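Engineer: Provided herewith is a single structure, encoded as structure tokens, for subsequent inquiry.
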Amino acid sequence: MKIILRFAIALTFCLGASSAFAHHLWLEQTGQGVRLYFGEFGENLREASPGALDKLQPQAKATSAAGERPLTVEKKADGFTVSGKVDGSDSVVVEDVRYPVFVRTKDGTTTRSIYLPAARIVPDRAARTPLLALDIVPAGGDKFKVVFKGKPLAKTKVSVVTNAGWGRELYTGDDGEFTVGLPWRGPYVFEVQHADKTPGKRGEEAYDVINYVTSLTVGQPQGLEPLPALPAAKPH
């Protein structure tokens with residue numbers, strides 16, 4: 323009966339979900355500390371070095387109501403270690419503001435795009451203050467909030483995934499909030515994307531659009547037994 327129940331819940335969550343999730347950063351709490359990965363959590367895909375991981379130059383900090391502290395990020399073969407003083411109530415946030423500009427020409431029009439990936443991990447679901455340009459923060463209980471540059475981001479798609487291979491898509495309300503239950507024990511990654519088509523400059527580099535992609539990692543300590551993770555996907 324327990325197996326049937328787990329399958330029924332998984333099927334319910336998968337209905338209406340997309341199988342394609344954009345590459346993103348995400349954070350995981352491990353026995354050796356916090357690790358940062360790049361790829362697709364829902365496909366158990368972690369990019370590697372040498373390879374796609376080498377384009378990243380992420381920076382990290384611990385943040386709480388008491389303030390912020392910089393953390394050290396060190397590249398490994400399949401991700402990054404994040405080390406430094408992290409208290410039990412801290413969020414860890416990471417972003418990469420130096421990812422190379424992507425230039426694309428289509429039908430005679432050239433577009434210069436910046437990809438700005440970021441990630442946050444929280445120890446609990448207590449409400450938190452947004453910090454990243456595009457951020458997802460707990461709002462208490464099963465409620466979460468998406469904020470862009472300090473303002474709620476309404477009617478925005480949020481992808482909720484586990485490494486078991488299922489995902490669910492939700493949309494924020496006018497207040498930027500959404501509600502989601504997490505039935506299985508273990509980590510969940512929420513992902514949100516937003517394109518800011520305001521032209522500008524990053525240093526001496528001109529751009530036409532910034533594509534923000536941010537994730538939030540939330541742990542669920544209670545609930546059903548976790549579904550098994552997918553086999554590790556091959557890095558690109």
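Residue numbers are given in this note's numbering: position 8 of the sequence shown equals residue 330, and the series is strictly consecutive. All residues carry an ideal CB built from backbone N, CA and C; glycine is no exception. Note that this is a predicted model, so its numbers are computed, not measured.
For Glu513 versus Ser537, is the C-beta distance shorter than 8 Å?
Structural biologist: Their beta carbons are under 8 Å apart, which means Glu513 touches Ser537 by this criterion.
Engineer: Enumerate in chain order the residues of its own chain whose CB-to-CB distance from Glu365 is below 6 Å, with the five nearest sequence positions on each side excluded.
Structural biologist: Closer than 6 Å at Cβ, skipping near neighbours: Ala555.
Engineer: How big is the Cα-Cα spacing for Val511 and Gly410?
Structural biologist: Distance between the alpha carbons of Val511 and Gly410 is about 20 Å.
Engineer: In this structure, how does DSSP classify Gly389 when only helix, strand and coil are distinguished?
Structural biologist: Three-state result, Gly389: strand.
Engineer: Hey, Ala449 and Ala461: beta-carbon distance below 8 Å or not?
Structural biologist: Yes. Within cutoff.
Engineer: Distance, Cα to Cα, Trp348 vs Glu491?
Structural biologist: Cα to Cα, the separation comes out at about 18 Å.
Engineer: Report yes if the CB atom of Ala374 is closer than 8 Å to the CB atom of Phe363, and no otherwise.
Structural biologist: Their beta carbons are not under 8 Å apart, which means Ala374 does not touch Phe363 by this criterion.
Engineer: In terms of residue numbering, what span does the beta strand (DSSP E) encompassing Asn533 cover?
Structural biologist: Segment Val531 to Gln542, the beta strand (DSSP E) holding Asn533.
Engineer: Under the three-state reduction of DSSP, which class applies to Glu417: helix, strand or coil?
Structural biologist: Looking at Glu417 - three-state DSSP - the assignment turns out to be strand.
Engineer: Ends of the beta strand (DSSP E) at Phe363?
Structural biologist: Element bounds for Phe363: n/a, residue is neither H nor E.
Engineer: Output the boundary residues of the beta strand (DSSP E) element that contains His516.
Structural biologist: First-last of the beta strand (DSSP E) with His516: Gly508 to Asp518.
Engineer: Return the bridge partner residues of Gly525 from the DSSP annotation.
Structural biologist: DSSP output for Gly525 lists no bridge partner at all.
Engineer: Distance check for Asn533 and Gly545, CA to CA, integer angstroms please.
Structural biologist: Their backbone Cα atoms lie some 35 Å apart in a straight line.
Engineer: Locate the beta strand (DSSP E) running through Asp457, then write down its first and last residues.
Structural biologist: From DSSP, the beta strand (DSSP E) with Asp457 extends over Leu456 to Gly462.
Engineer: Just curious, the beta strand (DSSP E) that Pro505 is in, first and last residue?
Structural biologist: No beta strand (DSSP E) contains Pro505, which DSSP labels as neither H nor E.
Engineer: Under a three-way DSSP split, which group does Ala384 fall into?
Structural biologist: The answer is strand: DSSP assigns Ala384 an E or B state.
Engineer: In chain order, what residues of the same chain have a beta carbon less than 6 Å from the beta carbon of Arg447, not counting five sequence neighbours either side?
Structural biologist: Answer for Arg447: Pro460, listed in chain order.
Engineer: Does the Cβ of Glu547 have 16 or more other Cβ atoms within 10 Å, making it buried, or fewer, making it exposed?
Structural biologist: So Glu547 counts as exposed.
Engineer: Which residues share a DSSP beta bridge with Glu499?
Structural biologist: Per DSSP, Lys467.
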